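Step one of this worksheet: look at the structure below.
Numbering (my numbering), first residue to last: 379 to 529.
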């Protein structure tokens, strides 16, 4: 069985040195890295040299955010959102996450799959878990796929 420290070392090496092709770096700052590999998302704590499993996803996570203040991290994918805050991970199903960005000290803007008929942008409060629809996002419905979605 692999220890948390050994897992950290493997992921950190993949992130910094070998650039493992299946490893995705979603966000990074001086203290933390937010990565995913093989349908699992990890928060790497560079100071304590630990890897914390945020969650496993059905399909690879599509995006991740590290809060500017370092107090929380969020990872999203087709089957939902996982938020790590104060050492506790909460999983939220029901919204497919295509992309997200931090919109405030404790909030995220979440973009659903932009090619869906009823796609929308949502705001999620990581402290209260309140999800509010900000606006519909019909911009890409019936459009060809593109890597660069402007929202």
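Each residue gets a CB set at the ideal place from its N, CA and C atoms; glycine is no exception. A quick note: this is a predicted structure, and the numbers were derived from the prediction, not measured.
{"Item": "Beta carbon of residue 497 nearer than 8 Å to that of residue 491", "Value": "yes"}
{"Item": "Residues that residue 405 bridges to, as DSSP identifies them", "Value": "412"}
{"Item": "Own chain residues within Cβ distance below 6 Å of residue 430, not counting five before or after", "Value": "421"}
{"Item": "Alpha carbon of residue 523 to alpha carbon of residue 493, nearest angstrom", "Value": "8 Å"}
{"Item": "Whole-angstrom distance between residue 455 and residue 419, CA atom to CA atom", "Value": "10 Å"}
{"Item": "Cβ neighbour criterion (16 or more within 10 Å) applied to residue 517", "Value": "exposed"}
{"Item": "Backbone CA spacing between residue 519 and residue 389 [nearest angstrom]", "Value": "37 Å"}
{"Item": "Residue 390 (DSSP reduced to helix, strand or coil)", "Value": "helix"}
{"Item": "Beta-carbon separation (whole angstroms), residue 432 vs residue 460, contact threshold 8 Å", "Value": "5 Å"}
{"Item": "Environment of residue 383 [buried if 16+ CB atoms lie within 10 Å]", "Value": "exposed"}
{"Item": "DSSP bridge partner residues for residue 463 (one or two, in chain order)", "Value": "450 and 466"}
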